[in-house]
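Down below is the structure, laid out as structure tokens.
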Amino acid sequence: MPARIKHRVENGIELKWCSNCEKYISLTNFSSSKGYQWDDLFYICNGCRKLRRTTNVKTLAANCYVSICWRVGNDERYLKKGVLVKITKEAFIEWYVTNYFKGCHVDRIDNLGNYELSNLQAISHRGHNFKRRSDRLDKAGIVEPLGMRYCFTCSTLKPEADFYKKKRKVSELNLNGLDECCKFCCREKRMDYYRRTQNDLQI
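In case it helps, the numbering used here puts the sequence shown at residues 468 to 670.
If you want it as structure tokens, here you go:
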């Protein structure tokens with residue numbers, strides 16, 4: 468436990484010492500430690516805690532492992548395939564730290580396989596999008612002709628102009644970031660959601 472450093476009061480505001488950025492900060496910038504510290508506040512401020520969560524590779528690895536375990540135990544898509552986590556948290560963190568690069572995704576080489584060292588790879592966001600769509604097309608036996616795109620909602624090949632563009636969908640296979648479903652299906656989904664919402668309000 469960090470050494471106890473008394474609070475200060477300046478201009479009527481009580482301040483606490485942050486051991487990470489090494490300065491006194493208002494108590495409102497600290498979260499509760501739920502009784503683990505003498506003043507019931509974390510020893511580092513919220514800004515430093517957030518920075519650690521987003522820049523510390525081991526923390527990112529631990530969070531990623533927890534997320535994987537949750538998906539495998541709760542997501543129907545994984546439960547139906549019988550996917551298992553066959554790697555310990557310690558081994559996963561070691562692998563993650565070794566293979567980490569900024570913005571990487573943890574991906575299974577074989578989507579039907581388990582989470583184990585021999586079946587893991589770290590790929591970019593674009594690479595992840597590319598692989599996910601490519602796997603879906605292969606499974607459906609679909610080949611997209613030049614200038615055409617397959618809509619997974621209406622199961623139809625349509626011109627690329629019939630699809631909205633989204634930055635998060637950009638990949639090596641989809642340089643323009645075209646959506647998975649066509650504009651018509653997207654509009655139908657929005658209208659269906661609107662109709663259901665209105666019906667709920669009327670009940």
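Virtual Cβ for every residue (Gly too), placed ideally from N, Cα, C.
Taking the alpha-carbon positions, what's the C648 to F597 distance?
Between C648 and F597, the C-alpha separation is close to 16 Å.
Pull up the distance between the alpha-carbon of N523 and that of I554, whole angstroms please.
Approximately 21 Å between the Cα atoms of the pair.
Out of C488, I472, S493, which one is the CA nearest neighbour of N478?
Per the Cα distances, S493.
Under 8 Å between the Cβ atoms of D574 and H592?
Going by C-beta atoms, D574 is not nearer than 8 Å to H592.
Could you tell me which residues DSSP pairs with T623 in its beta bridges?
DSSP, once it has assigned bridges, lists C618 as partnering T623.
Could you have a look at W562 and say whether DSSP puts it in helix, strand or coil?
Looking at W562 - three-state DSSP - the assignment turns out to be helix.
Taking the straight line between their C-alpha atoms, what separation do you get for F497 and Y532?
Rounded to whole angstroms, F497 to Y532 spans 27 Å at the Cα level.
For the candidate residues K634, F651, C652, whose alpha-carbon lies nearest to that of L645?
Of K634, F651, C652, the residue nearest in Cα terms is K634.
Need the endpoints of the alpha helix (DSSP H) that A528 sits in, please.
First-last of the alpha helix (DSSP H) with A528: 524 to 541.
Let me know if I560 comes out buried or exposed under the rule of 16 or more other beta-carbons within 10 Å of its beta-carbon.
Result: buried.
Buried or exposed: which applies to C652, given that a residue is buried once 16 or more other Cβ atoms fall within 10 Å of its Cβ?
Per the 10 Å Cβ criterion, buried.
Could you check whether the stretch 570 to 584 touches the stretch 539 to 558, counting it as contact only if at least three pairs of C-beta atoms, one from each stretch, sit closer than 8 Å?
The stretch 570 to 584 vs the stretch 539 to 558: in contact.
In the structure shown, what three-state DSSP assignment does Q504 receive?
In the structure shown, Q504 sits in coil (DSSP, three-state: anything other than H, G, I, E or B).
For E477, name the three-state secondary structure that DSSP assigns.
Residue state, collapsed to three classes: strand.
Check this for me: beta carbons of A529 and N566, under 8 Å apart or not?
Not a contact, by the Cβ cut-off of 8 Å.
Evaluate F568 with the Cβ neighbour count: other Cβ atoms within 10 Å of its Cβ, from every protein chain shown; 16 or more gives buried, anything less gives exposed.
Answer is exposed; the Cβ neighbour count stays below 16.
With distances taken Cα to Cα, identify the nearest neighbour of K656 among S500, K548, T620, W505.
Considering only alpha carbons, the answer is T620.
At the level of alpha carbons, what is the spacing between K490 and L587?
Going from the Cα of K490 to the Cα of L587 covers about 42 Å.
Cα separation between L508 and G502?
Answer to the nearest angstrom: the Cα atoms are 8 Å apart.
Out of curiosity, what's the CA-to-CA distance linking S601 and I609?
The alpha-carbon atoms of S601 and I609 are separated by roughly 10 Å.
Evaluate R616 with the Cβ neighbour count: other Cβ atoms within 10 Å of its Cβ, from every protein chain shown; 16 or more gives buried, anything less gives exposed.
Buried: at least 16 other Cβ atoms inside 10 Å.
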